[in-house]
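Numbering (this note's numbering), first residue to last: 34 to 305.
Even for Gly, the Cβ is constructed at its ideal location relative to N, Cα and C.
A quick note: this is a predicted structure, and the numbers were derived from the prediction, not measured.
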Amino acid sequence: IVEIDGQRAAFARTDDVLFVDARPPYHSGRLRPASTRVLKGEYLGDGKFRVRVEWRAIEPLEEGLKSFVHVVHKKSDHGERIIHHGDIDFDGAAMAKAGTYEATIDVTIPPDSFGGEYTLRYGLYNPGKGGYRVTPAGNIGHGGRARGGKLKVDIAGGKITGGGYMPEGEWDHLTDLNTELAMVDFGPVATNGAFRLLHPIEGEWLLLPLPGSIGFEARLDLAKLGRTASRATVSRIDPLIQTAAEPVAELKNGVLGLKADGGSFAYRIVLE
């Protein structure tokens with residue numbers, strides 16, 4: 034495990050096998066190719082809070098997603114300690130298109146509620162049959178819900194007498210993820226993905242993305258990997274999804290650049 038240009042990454046090499054991991058987000062039930070973060074939180078007075086958040090679809094997500102906002106208090110006897118719900122001006126269906134989106138969450142703590150500290154939780158879910166939550170990269174807590182901050186209110190005599198907003202710190206293992214998909218230079222290979230590269234001195238090469246890989250780019254320096262070539266072709270092997278596409282590759286000045294969607298078990302590289 035190394036740190037390259039501020040990004041934690043993993044790297045290993047034997048004579049003809051190279052492993053690189055630029056720590057990109059990945060497909061799984063635990064984490065999806067999306068991220069979220071709090072931009073700003075503030076207390077407006079009279080029990081009202083406003084929190085600006087950012088959603089980013091690194092890759093398009095499924096259609097039909099909805100947003101939710103939970104206000105949690107330790108004294109609540111409801112599921113997940115939810116005591117109130119908030120409003121958000123964001124249609125989760127927008128995440129079906131890759132891009133970055135901003136949204137505003139508004140929460141009001143009524144004067145007949147508990148005084149003290151609440152926590153704000155927000156996220157996306159699929160309301161269809163067998164509905165589920167979408168877990169993005171970011172400051173994520175229990176149940177795939179993003180941490181939106183701590184909401185403190187003072188209540189006396191049935192009235193709101195004060196309040197304040199406090200941000201919540203991020204988990205270390207999530208801050209390590211390369212959610213910006215920045216290229217990480219490992220020397221013979223630069224990539225924003227995670228894969229094993231079998232690169233024998235003779236014959237074809239094989240690039241095997243880690244399970245759950247999202248789309249990635251890579252640049253392979255042939256000379257540093259012990260080969261020369263004037264022509265290269267790259268093709269997919271055993272697509273894992275129906276929409277898996279053929280990779281796009283270009284050999285220029287001894288460097289093979291390729292873009293792949295991560296939807297296949299492996300990619301065959303033929304050098305001539």
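Problem - Where His175 falls: helix, strand or coil (DSSP) - result: Stepping through the sequence shown from its first residue, residue 175 is reached at position 142. His175: helix per DSSP, three-state reduction.
Handout entry: Own chain partners of Leu51 with C-beta closer than 6 angstroms, once the 5 adjacent residues on each side are dropped
Key = Counting from one through the sequence shown, the residue named residue 51 turns up at place 18. The beta carbon of Leu51 sits closer than 6 angstroms to the beta carbons of Leu230 from its chain, once the five residues preceding and following it are set aside; these are given in chain order.
Exercise for the section: Hey, could you find the ends of the beta strand (DSSP E) Lys257 is sitting in? Expected result: Stepping through the sequence shown from its first residue, residue 257 is reached at position 224. No beta strand (DSSP E) holds Lys257; DSSP gives it neither H nor E.
Practice task
Give the straight-line distance between the Cα atoms of Asp271 and Asp79, rounded to the nearest whole angstrom.
Solution key: Locating residue 271 in the sequence shown gives position 238, where the first residue counts as 1. Locating residue 79 in the sequence shown gives position 46, where the first residue counts as 1. Between the alpha carbons of Asp271 and Asp79 lies a distance of about 59 angstroms.
Handout entry: Bridge partners - His118, DSSP secondary structure assignment
Key = Position 85 of the sequence shown, counted from the first residue, corresponds to residue 118. DSSP output for His118 lists His103 as bridge partner(s).
Handout entry: The beta strand (DSSP E) enclosing Asn159, as first and last residue numbers
Key = Your numbering for residue 159 matches position 126 in the sequence shown. Annotation for Asn159: the continuous beta strand (DSSP E) segment containing it runs Gly149 to Asn159.
Exercise for the section: Have a look at Leu98 and Gly259 and give me their C-alpha separation to the nearest angstrom. Expected result: The count along the sequence shown starts at 1 and reaches residue 98 at position 65. The count along the sequence shown starts at 1 and reaches residue 259 at position 226. Cα to Cα, the separation comes out at about 48 angstroms.
Problem - Coarse secondary structure for Met128, derived from DSSP in three states - result: Walking along the sequence shown from the start, residue 128 turns up at place 95. Met128: helix per DSSP, three-state reduction.
Practice task
Would you give the residue range spanned by the beta strand (DSSP E) that Ile193 belongs to?
Solution key: By one-based count along the sequence shown, residue 193 stands at place 160. First-last of the beta strand (DSSP E) with Ile193: Lys192 to Met199.
Problem - Contacting residues, own chain, Cβ-Cβ under 6 angstroms from Met216 (five flanking each side not counted) - result: Taking the sequence shown and counting its residues from 1, one reaches residue 216 at position 183. Excluding residues within five positions, the ones whose Cβ falls inside 6 angstroms are Ala223 and Asn225.
Problem - Same chain only: Cβ atoms within 7 angstroms of Thr133, ignoring 5 sequence neighbours per side - result: By 1-based counting over the sequence shown, the position of residue 133 is 100. Closer than 7 angstroms at Cβ, skipping near neighbours: Glu87 and Arg89.
Exercise for the section: Report the option in Arg154, Val167, Asp122 and Asp120 whose CA atom is closest to the CA atom of Ala129. Expected result: Stepping through the sequence shown from its first residue, residue 129 is reached at position 96. Comparing Cα-Cα distances from Ala129 to each of Arg154, Val167, Asp122 and Asp120, the minimum goes to Val167.
Practice task
Identify the continuous beta strand (DSSP E) that holds Ser268 and give its terminal residues.
Solution key: Here residue 268 corresponds to residue number 235 of the sequence shown, with the count starting at 1. Per DSSP, Ser268 belongs to the beta strand (DSSP E) from Ala265 to Pro272.
Exercise for the section: Please look up how many angstroms separate the CB atoms of Gly295 and Gly248, rounded, as I've assumed it's under 8 angstroms. Expected result: Stepping through the sequence shown from its first residue, residue 295 is reached at position 262. Stepping through the sequence shown from its first residue, residue 248 is reached at position 215. At roughly 5 angstroms, the Cβ-Cβ gap stays under 8 angstroms, so Gly295 and Gly248 are in contact.
Practice task
Note down the Cα distance separating Phe123 from Ala131, rounded to an integer number of angstroms.
Solution key: Your numbering for residue 123 matches position 90 in the sequence shown. Your numbering for residue 131 matches position 98 in the sequence shown. Rounded to whole angstroms, Phe123 to Ala131 spans 15 angstroms at the Cα level.
Exercise for the section: For Trp204, count neighbouring Cβ atoms within 10 angstroms of its own Cβ and tell me buried if that reaches 16, exposed if not. Expected result: Sequence index remark: in the sequence shown, residue 204 carries index 171 (1-based). Confidence at Trp204 is low in this model, with a pLDDT of 47, below 50, so the placement of that residue is unreliable and no value is reported for it.
Problem - Distance between Ala282 and Arg269 (C-alpha atoms, nearest Å) - result: Along the sequence shown, one-based indexing puts residue 269 at 236. Along the sequence shown, one-based indexing puts residue 282 at 249. About 12 angstroms.
Practice task
Compute the Euclidean distance between the alpha carbons of Arg178 and Tyr300, then round it to the nearest angstrom.
Solution key: Taking the sequence shown and counting its residues from 1, one reaches residue 178 at position 145. Taking the sequence shown and counting its residues from 1, one reaches residue 300 at position 267. C-alpha separation (whole angstroms): 35 angstroms.
Problem - Residue(s) in a DSSP beta bridge with Thr224 - result: Taking the first residue of the sequence shown as 1, we reach residue 224 at position 191. Thr224 is bridged by DSSP to Val217 and Ala251.
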